[in-house]
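Going by this note's numbering, the first residue of the sequence shown is number 376, and it counts up by one from there.
The next block holds one structure in the form of structure tokens; read it before the comments.
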Amino acid sequence: MKTTKIIYWISTILLSLIFLYSAQMYFFNTEMVKGYFEALSYPSYIVIPLAIIKVLGVIMILWRKSNWLTEWAYAGFFFDLILATAAHQNAGHAIGLSVAGIPILLVSYFLGKRVRSNNLNTPSLG
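Written out as structure tokens, the structure reads:
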């Protein structure tokens with residue numbers, strides 16, 4: 376179980392770093408990102424709200440106090456990674472980070488379920 380927890384936390388931290396990196400790009404290079412969105416015929420007004428949602432998603436995944444919100448955060452991240460991969464591919468950009476994020480997300484999600492269920496079934500020593 377200890378190895379599972381370590382792999383879970385490594386994958387979850389990597390996933391969080393990917394999305395925090397993406398959010399900071401949206402916050403600090405807003406005009407550049409808006410240009411990319413417009414070139415792909417996406418509405419540019421969603422750049423900042425999307426960055427805020429990414430930060431909130433990271434908070435929910437690390438906090439894990441609400442199963443419902445954690446599930447939605449993972450679902451949102453999954454769709455974001457799939458759509459980002461498609462958008463980068465169509466734009467002719469490198470797709471490495473978005474493609475690498477998908478297996479990292481899956482590992483974090485499924486191991487998180489296992490770690491959480493084992494923690495709920497383990498009697499406390501106190």
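No residue lacks a Cβ here, since even glycine has one placed at the ideal position from N, Cα and C.
Here the structure is a predicted model, which means the values were calculated and not measured.
Excluding sequence positions up to five before and after Ile479, its CB lies within less than 8 Å of the CB of Ser386, Leu389, Leu390 and Ile393, all in the same chain and listed in chain order. Nearest in C-alpha terms to Asn465, of all of Tyr417, Lys377 and Phe452, is Tyr417. Only exposed fits Lys377, as fewer than 16 other CB atoms lie within 10 angstroms of its CB.
In terms of Cα proximity to Ile421, the closest of Gly432, Val408 and Leu431 is Val408.
In the three-state scheme derived from DSSP, where H, G and I count as helix and E and B as strand, Ser386 is classed as helix. Around the beta-carbon of Ile381, fewer than 16 other beta-carbon atoms lie within 10 Å, marking it exposed.
In the three-state scheme derived from DSSP, where H, G and I count as helix and E and B as strand, Pro478 is classed as helix. Annotation for Phe412: Pro418, Ser419, Ile421 and Val422 place their beta carbon closer than 8 Å to its own, counting only its chain and skipping 5 residues before and after. In the structure shown, Lys380 falls within a helical segment according to DSSP collapsed to helix, strand and coil.
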